[in-house]
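Report on the structure given below.
This is the structure:
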């Protein structure tokens, strides 16, 4: 049997429940710090659940296993979300959840490779991940590896010129082992991404750069899973991108409605309220 | 309204008589060095030789393989060479990715583009993670007459501020040929300046047993009156100047210091402590943030205070023109060194 066709560790936990667990862990970490990029974490939880529990080949006990699919977090401030999925996958111990962002923690506010098992790169200086992914995809091909490189980036990073250098490079070098995931939540530091420096239309842009491109609702798990399957199943030389339209703070309606969601302000008493709201929607 | 604070040079010029004309030094020209033997493309040839036994070595360039001598590697080992096109940010990011996957990438471009254009990517994708990427860059300092767009006069200053980065300013073909395997063996990032084309072989003439050693300054010529501490081709210029000054009774020692970082403080301090000598640094780089200031800091923080002078490029955007003219104008020619040292002793 091709290992790639059924990559994720067998489990009877539903992806819905995985995504819910990721959201809950992220909220618990936010509560520890009293702050955090919780809007992004809640928005991307479904994509992360599908990545780590459906699409990717990996061994939780051996995060540096040579055969693993690489997952690059270009958006370093999404670290809270990645820590949540790394705990959910058993790569990070859940007991460390309460160290998030504290001195001497393995889970700093912005993700760094040297701090955290399972964090492949130091992200955060935006527009870096895709270029590094290009080099890793080249390297994997040199080693005749079947592994994929996934690069999770934000819509804001589409404004960085380096992203498009890398995009052109990926198709020029026929890196069909590269899958780029774009979280299109239309929010960045100063407001709506499409009003800061619009990257639209995103899919035709990537297609013009020689990529296989899809765009789906990133909070519709069935659509997310189907998009991962389609991206992995492409048989030609093109690199692949999936643009996920997501809703910031997804799963906690009173936060979803806040105006500024890039660094969403959550009052001290609202963390428990948010957890309670989430609890109401707990899947089986 | 027009911005008008920048000095313009729009006045009409007289045409120089044909026999007196000196053409602008092109980007691709080899560095002229009268009286020395030359070696062709020492970097490219040494890399090919090393790569024969080191399968993890790969090469990348951003449309400047030919002008960094990496084309020799590309031609010899085409399946291990990546032409990244005119895209310096992905050049160094992809090199970081290849290093993550266990390869030792040698990435080449011009020094201006690596230091100015790709800096954030070198800092975060490579240096912060201490990856073994070797960034090797042509046109260091004032080695082209094309003006500031191509003159990397501050590259060493930029990279000196970057933790983990090893910085090399080789003198000649001997340094370049010998440093290639040493850089590959160093388990961390390196920024090295490069001389390409026909490169003079200098150090072995003065010191037949010379061997490039990472992090080590080496005395190439002894002298009682002046201690010159030099890097890059300024070591060659200093050695030539020392011959001239000897005829005027000034005995000049030349301490060649190709590793800008980490600096060989021990040797520099030991030589400067010998006393009685004027200490002069000479570098093909702005006097801001390069070898001179690194040496000055080392001396002062260790309580060693000889009379100290710096030879280097001024804190200015430099002019375009022919290199011999420019080197004279900015005091880094042999004449310029002799003139300055005579004024100090």
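Chains as they are written, first to last, in this note's numbering: chain A, 728 to 1011; chain B, -11 to 333.
The beta carbon of each residue, even a glycine, is placed where N, CA and C say it ideally should be.
Proximity to residue i [Cα-Cα], best of the options
{"i": "residue 875/A", "options": "818/A, 861/A, 834/A and 775/A", "result": "861/A"}
{"i": "residue 334/B", "options": "47/B, 150/B, 325/B and 97/B", "result": "Outside the shown range of chain B, which is -11 to 333, sits residue 334/B, and nothing can be said about it."}
{"i": "residue 120/B", "options": "247/B, 110/B and 126/B", "result": "110/B"}
{"i": "residue 765/A", "options": "837/A, 968/A, 934/A and 956/A", "result": "837/A"}
{"i": "residue 41/B", "options": "214/B, 282/B, 92/B and 291/B", "result": "92/B"}
{"i": "residue 330/B", "options": "234/B, 138/B and 115/B", "result": "234/B"}
{"i": "residue 62/B", "options": "95/B, 82/B, 298/B and 89/B", "result": "95/B"}
{"i": "residue 193/B", "options": "55/B, 75/B and 224/B", "result": "224/B"}
{"i": "residue 320/B", "options": "275/B, 212/B and 170/B", "result": "275/B"}
{"i": "residue 872/A", "options": "880/A, 878/A and 863/A", "result": "863/A"}
{"i": "residue 56/B", "options": "172/B, 98/B and 27/B", "result": "98/B"}
{"i": "residue 257/B", "options": "19/B, 284/B and 231/B", "result": "284/B"}
{"i": "residue 264/B", "options": "38/B, 212/B and 100/B", "result": "212/B"}
{"i": "residue 291/B", "options": "313/B, 260/B, 303/B and 237/B", "result": "260/B"}
{"i": "residue 139/B", "options": "273/B, 2/B, 186/B and 178/B", "result": "273/B"}
{"i": "residue 897/A", "options": "950/A, 971/A, 998/A and 859/A", "result": "859/A"}
{"i": "residue 973/A", "options": "914/A, 853/A, 893/A and 966/A", "result": "914/A"}
{"i": "residue 931/A", "options": "792/A, 822/A, 839/A and 970/A", "result": "970/A"}
Anticipated Cβ contact below 8 Å, residue i with residue j, distance rounded
{"i": "residue 295/B", "j": "residue 287/B", "result": "The pair is not a contact, with the Cβ atoms about 11 Å apart (cut-off 8 Å)."}
{"i": "residue 143/B", "j": "residue 128/B", "result": "6 Å"}
{"i": "residue 72/B", "j": "residue 35/B", "result": "Incorrect: roughly 17 Å between the Cβ atoms, too far for contact."}
{"i": "residue 180/B", "j": "residue 158/B", "result": "7 Å"}
{"i": "residue 207/B", "j": "residue 243/B", "result": "5 Å"}
{"i": "residue 79/B", "j": "residue 46/B", "result": "In fact, because the Cβ distance is near 12 Å, the residues do not count as touching under 8 Å."}
{"i": "residue 770/A", "j": "residue 975/A", "result": "5 Å"}
{"i": "residue 332/B", "j": "residue 266/B", "result": "6 Å"}
{"i": "residue 800/A", "j": "residue 879/A", "result": "6 Å"}
{"i": "residue 955/A", "j": "residue 782/A", "result": "4 Å"}
{"i": "residue 824/A", "j": "residue 756/A", "result": "6 Å"}
{"i": "residue 843/A", "j": "residue 834/A", "result": "6 Å"}
{"i": "residue 910/A", "j": "residue 889/A", "result": "With a Cβ gap of about 18 Å, residue 910/A and residue 889/A do not count as contacting."}
{"i": "residue 1021/A", "j": "residue 82/B", "result": "There is simply no residue 1021/A to check, as chain A begins at 728 and stops at 1011 in what is shown."}
{"i": "residue 944/A", "j": "residue 950/A", "result": "5 Å"}
{"i": "residue 12/B", "j": "residue 308/B", "result": "6 Å"}
Whether residue i touches residue j by CB criterion (8 Å)
{"i": "residue 0/B", "j": "residue 165/B", "result": "no"}
{"i": "residue 746/A", "j": "residue 908/A", "result": "no"}
{"i": "residue 306/B", "j": "residue 132/B", "result": "no"}
{"i": "residue 912/A", "j": "residue 767/A", "result": "yes"}
{"i": "residue 798/A", "j": "residue 758/A", "result": "no"}
{"i": "residue 124/B", "j": "residue 310/B", "result": "no"}
{"i": "residue 59/B", "j": "residue 32/B", "result": "yes"}
{"i": "residue 240/B", "j": "residue 214/B", "result": "yes"}
{"i": "residue 946/A", "j": "residue 796/A", "result": "no"}
{"i": "residue 750/A", "j": "residue 978/A", "result": "yes"}
{"i": "residue 867/A", "j": "residue 904/A", "result": "yes"}
{"i": "residue 198/B", "j": "residue 168/B", "result": "no"}
{"i": "residue 779/A", "j": "residue 812/A", "result": "yes"}
{"i": "residue 216/B", "j": "residue 270/B", "result": "yes"}
{"i": "residue 993/A", "j": "residue 1001/A", "result": "yes"}
{"i": "residue 920/A", "j": "residue 883/A", "result": "yes"}
{"i": "residue 178/B", "j": "residue 156/B", "result": "yes"}
{"i": "residue 855/A", "j": "residue 153/B", "result": "no"}
{"i": "residue 151/B", "j": "residue 115/B", "result": "yes"}
{"i": "residue 176/B", "j": "residue 118/B", "result": "yes"}
{"i": "residue 74/B", "j": "residue 51/B", "result": "yes"}
{"i": "residue 957/A", "j": "residue 941/A", "result": "yes"}
{"i": "residue 130/B", "j": "residue 314/B", "result": "yes"}
{"i": "residue 827/A", "j": "residue 807/A", "result": "yes"}
{"i": "residue 870/A", "j": "residue 231/B", "result": "no"}
{"i": "residue 885/A", "j": "residue 966/A", "result": "no"}
{"i": "residue 76/B", "j": "residue 102/B", "result": "yes"}
What residue ranges within the region 248 to 272 of chain B form continuous alpha helix (DSSP H) runs of no fewer than 4 residues, ordered along the chain?
253 to 261
Length at least 3, wholly inside the region 85 to 152 of chain B: the beta strand (DSSP E) runs in chain order
92 to 98 and 122 to 126
Quick check: the region 188 to 203 of chain B against the region 247 to 261 of chain B, are there 3 or more CB pairs under 8 Å?
yes
Could you name each continuous beta strand (DSSP E) segment of 3 residues or more that falls completely within the region 18 to 76 of chain B, going from the start of the chain to the end?
26 to 28, 45 to 49 and 69 to 71
Hey, is the region 1001 to 1010 of chain A in contact with the region 936 to 945 of chain A, meaning 3+ C-beta pairs nearer than 8 Å?
no
Quick one: complete alpha helix (DSSP H) runs, 4+ long, within the region 838 to 918 of chain A?
856 to 869 and 888 to 899
Enumerate, from N- to C-terminal direction, the unbroken alpha helix (DSSP H) stretches of 4 or more residues contained entirely within the region 739 to 764 of chain A.
742 to 760
Three or more C-beta pairs closer than 8 Å, one from the region 779 to 787 of chain A and one from the region 807 to 823 of chain A: is that the case here?
yes
Which runs of the alpha helix (DSSP H) spanning at least 4 residues fall entirely within the region 755 to 812 of chain A, listed in chain order?
765 to 777
Cβ pair count under 8 Å reaching 3, the region 266 to 286 of chain B against the region 210 to 230 of chain B
yes
Identify every run of the beta strand (DSSP E) within the region 278 to 309 of chain B, keeping only runs that are complete inside it and at least 3 residues long; order them along the chain.
296 to 301
In the region 939 to 969 of chain A, which residue ranges form an unbroken alpha helix (DSSP H) of at least 4 residues, counting only runs that do not cross its ends?
948 to 960
Where in the region 172 to 205 of chain B do unbroken runs of the beta strand (DSSP E), each at least 3 residues long, occur, reported from the N-terminal end onward?
178 to 181 and 186 to 188
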